[in-house]
Each structure stands twice: as C-alpha cells, then as structure tokens.
Amino acid sequence: THIKSGAEDFLLRLEPPPLPRTEAVIEYTNGMFIWQPASSVIQCRISSFHKDSKMKGMKSFIAYQLTSQLVPSHVNRRYKHFDWLHARLLSKYPCACIPPLPEKAITGRYDDDFVDERRKGLQQWLDRMCRHPIVSQCDVLRHFLSCTDGKRWKQGKREAETDRLQGIRYYYAVVSKEPLQKEDYSTAQAEGTEKFAIELERGVRALSDTINDFHRKLSTNTRKDFISLSGAFYGMCRALDGDTHSKHLNSHLYAALSNVGETFKSISLCHAVESESFVQLNECLREYVRLLSTLPPVVSLGKSACLTADEVRRLLSEEKLSKQDASNILSGSSVITRALQAECNFVVSQLRQELLERIKAYLTDRANFYRQLAAQLDSVASVF
C-alpha cells in the first residue's frame with residue numbers, strides 16, 4: 001500500500017506545503033475524469049542543428065536550435081539538456097506518461113542523416129510534451145524552451161531539481177472538486193485498467209511490427225516477384241524472336257508481351273518506394289509503443305491507492321483508525337486515482353484521434369496505389 005511505500009506525508013497530510021499551489025485541475029465531464037485543458041498551447045520547432053565544440057575544440061557536440069512563441073529569439077540545446085529535462089519531468093510527474101527520448105547518437109557520429117533522424121525523434125517527443133495539458137504548463141519545460149541567459153539557466157535548473165512539489169508530493173498541487181463518492185474508483189476497476197494498459201501496448205506493438213513486416217516484404221519479396229514476372233515476359237519475347245517460320249505473324253504478340261514486361265518492371269519499382277502515409281503511420285505507432293510502455297507504472301500507482309483505500313475502510317470499520325486520518329487518506333487516494341483516470345483518458349483520446357487520422361490516410365493512399373496498378377494492367381491488357 002501507499003502507507004508502506006513512503007507516501008505517508010501526502011496521504012496523512014503530514015507535511016503539506018505552507019503555500020498551497022494548484023498546478024493541475026481534474027474536471028468531471030461526460031462521466032469521466034479529465035485534465036483541465038491547457039489555457040494556451042505551446043508550439044515549438046527544432047528548426048536546425050549544427051556541430052559545436054568547447055574546451056578549445058577538444059569536445060564536440062550537436063546543438064539543436066529551438067524556436068517557440070515563448071521568446072522572440074531561439075535557444076540552443078544539446079542532447080544532454082533534453083536528457084536533463086526528461087529526468088526532471090519523470091521526477092516531477094508520477095501521474096503523467098513521459099515517453100523515453102530517442103537514443104543518443106553514437107559518440108563521434110555526426111553525419112547529417114543520422115543527426116536529422118535524432119532531430120525528428122526529439123521533435124516528436126517535444127511535441128508530445130507540449131500537447132500534454134499539465135506537462136505543457138510546468139515551469140521546467142518553459143524554462144527549457146525559453147531561457148537564453150546562462151546564469152538564469154543554472155538558477156532555473158537548481159530550482160527544478162529542488163522543487164518541493166515533485167514525485168508523490170506533486171499530488172498536493174492537484175485539485176479535484178468533484179465530491180468524494182463511496183466507491184470513487186475500485187480495486188477491480190484499477191485491475192481492469194492495468195490489464196487494458198498492457199494489452200493496448202501489446203496491440204499497438206503488434207500492429208507496428210506487422211505493418212512494418214508487410215511493407216518490408218512489399219519492397220523486397222513482392223518487388224522481386226514482379227521483376228521475375230517482367231523477366232519471364234521478356235523471355236517469351238526472346239523466344240518468339242527465334243521463330244524461323246512465321247516470325248512476321250508474331251509482331252502483335254511480341255509487342256504485347258514486351259509491354260507486359262515493361263509494366264511489371266514499372267510495378268516492381270512502385271513497390272520499392274515508401275509512401276508518406278506509411279511513414280507517418282509507422283512513426284505514429286512507434287511513438288505510441290514508447291509512450292504506452294510508461295503507462296503501467298501510472299496505473300500501478302492508482303491500483304496501490306485503491307488497495308490503500310480498501311485497507312483504510314477495513315481499519316475504520318474495526319475502529320483502528322481515526323475518522324480524520326481515514327478521511328485524509330481516502331481523499332488523498334481519490335486524487336491519485338482520479339489523476340490516473342485523467343491520464344488514461346488523455347492518452348487514449350490522443351491515440352484514438354491520431355489513429356483515426358493516420359489509418360484513414362494510409363488506407364486512402366493504399367487504395368490509390370492499387371488503383372494506379374490496376375490502371376497500368378488495364379492499359380496493357382488493351383493491347384492484346
């Protein structure tokens with residue numbers, strides 16, 4: 001339970017902050033707990049990158065140029081700064097899914113293609129954080145995106161690292177005004193959510209792996225099959241060319257077979273090209289695999305809160321716990337479980353919206369692709 005895992009100060013209100021501060025609000029809308037939407041949305045772009053150095057050139061690194069509406073100028077950040085921000089967000093928010101960063105570049109590898117892939121991965125991660133209703137409003141993220149002064153940068157880092165409202169204490173800054181219900185969130189519901197989180201991650205991972213394997217086969221095996229078909233039709237042309245008796249009567253068939261060979265060659269080349277819709281869907285799925293891998297710990301925290309609430313009700317019924325302590329713990333547990341519900345609802349709403357868009361675009365593109373192939377086959381069939 002939470003009482004045994006070091007959360008006594010929050011659940012029993014042992015060390016509340018002297019000045020209450022609200023950093024997140026949980027609303028109850030359409031029968032669901034959700035995060036209150038952010039008052040403003042941050043738009044940030046990693047516009048470019050360049051190789052830099054320090055210690056008189058002894059140490060080289062890549063600096064990324066970030067622009068946002070928070071400041072008129074850009075800021076330069078290294079991968080280690082992103083790594084620091086990631087660590088701070090993990091420490092700050094036990095109730096938010098903070099996906100891992102893309103892997104760091106291999107030391108000394110600075111070719112543009114490799115670094116640009118890192119830039120794209122960091123952009124995806126930053127976009128995800130800027131869209132989150134509570135993470136996007138936090139001081140540490142805004143400091144990361146806007147601070148241009150070296151002295152203020154170090155001061156802001158110290159403040160973030162000594163923040164008193166992080167980890168389990170962050171829940172002191174979470175407000176939910178909906179009256180406490182007798183069964184606000186049951187252990188059975190938490191266990192159902194726990195199973196759902198695992199199955200959802202597996203489902204997205206399986207879809208990502210399968211669609212990748214499908215397109216890999218299209219660009220390798222299927223493409224080679226069409227090349228083989230093309231070669232076989234060209235082979236028929238060569239065979240007909242050796243006719244010593246009625247070669248002059250074979251011209252129509254020869255031309256038609258040659259066209260088929262050329263068509264299948266063209267179709268093989270079409271299978272070698274990755275469509276933009278596939279790339280976007282693939283990136284979306286991979287991003288959600290990383291994001292959903294961080295959901296189980298959030299759910300586990302909520303489940304522990306439910307178990308704690310069950311234990312408190314038992315102790316209260318046995319008169320082994322005061323009503324005041326029981327009320328404090330149940331109130332604290334409800335904040336944790338409502339934050340879990342708000343985060344799950346946010347993650348799934350984002351997943352639902354993005355998959356609807358990406359899969360529709362992908363299927364529309366595939367339909368157009370096969371229509372183009374059908375048109376080529378119809379065209380070559382007409383010459384027979």
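Those letters in the sequence shown? Residues 1 to 384, per the UniProt record's numbering, in order.
For glycine and all other residues, C-beta sits at the position ideal for the given N, C-alpha and C.
Here the alpha carbons of residue 303 and residue 222 stand approximately 48 Å from one another.
For residue 203, same chain residues with a beta-carbon under 8 Å away, outside a window of 5 residues either side, do not exist. The beta-carbon separation of residue 122 and residue 101, rounded to 7 Å, stays under the 8 Å limit for a contact.
Restricting attention to 114, 257, 241, the CA atom closest to the CA of residue 231 is found in 257. Residue environment for residue 197: buried (at least 16 other C-beta atoms within 10 angstroms of its C-beta). Residue 290 and residue 318 have their C-alpha atoms roughly 45 Å apart. In the DSSP annotation of this structure, the continuous segment of the alpha helix (DSSP H) that includes residue 262 starts and ends at 251-271. Each of 355, 363, 343, 369 was checked against the Cα of residue 32, and the nearest Cα belongs to 343.
The distance from the Cβ of residue 36 to that of residue 133 is about 7 Å, consistent with a contact at the 8 Å cut-off. By the neighbour-count definition (other C-beta atoms within 10 Å, threshold 16), residue 210 is an exposed residue. Taking the C-beta atoms as reference points, residue 336 is found no nearer than 9 Å to residue 312. For residue 201, the enclosing alpha helix (DSSP H) has its first and last residue at 187-217. Taking C-alpha positions only, residue 149 is separated from residue 48 by approximately 20 Å. With the rule of 3 Cβ pairs closer than 8 Å, the region 91-99 counts as touching the region 160-174. Inter-residue distance for residue 378 and residue 288 is about 40 Å (C-alpha atoms, whole angstroms).
The residues 289, in chain order, have a CB closer than 6 Å to that of residue 205 in the same chain once the five nearest residues on each side in sequence are set aside. In the three-state reduction of the DSSP assignment, residue 29 falls in the strand class, which pools E and B. Residue state for residue 147 is assigned as coil, using DSSP reduced to three classes. Annotation: residue 96 is outside any beta strand (DSSP E) and is labelled neither H nor E by DSSP. With a contact defined as Cβ atoms closer than 8 Å, residue 208 and residue 295 miss out at about 16 Å.
Its chain contains 89, 93, 96, 98, 129, 141 as the residues whose beta carbon lies nearer than 8 Å to that of residue 135, once the 5 sequence neighbours on both sides are disregarded; these appear in chain order.
Cβ contact annotation for residue 147 (same chain, cutoff 8 Å, sequence separation greater than five): 75, 153, 156, in chain order.
Under DSSP, residue 67 forms a beta bridge with 45.
The beta carbons of residue 176 and residue 358 sit about 33 Å from each other, so the pair does not count as a contact at 8 Å. In this chain, the alpha helix (DSSP H) harbouring residue 380 covers 323-381. For residue 317, the secondary structure class from DSSP, reduced to helix, strand or coil, is helix.
Rounded to whole angstroms, residue 115 and residue 70 show a C-alpha spacing of 26 Å. Using a Cβ distance threshold of 9 Å, residue 376 and residue 227 do not count as a contacting pair. Per DSSP, reduced to three states, the secondary structure at residue 59 is strand. Listed as beta-bridge partners of residue 24 by DSSP are 174.
Taking a 10 Å sphere around the C-beta of residue 220, we find fewer than 16 other C-beta atoms and assign the residue as exposed. In chain order, 316 place their CB closer than 8 Å to the CB of residue 323, counting only its own chain and leaving out the 5 sequence neighbours on each side. Per DSSP, the continuous alpha helix (DSSP H) segment holding residue 286 begins and ends at 276-292.
Judged by DSSP secondary structure, residue 75 falls outside any alpha helix (DSSP H) and instead within the beta strand (DSSP E) spanning 75-78.
Under the three-state reduction of DSSP, residue 50 is assigned to strand.
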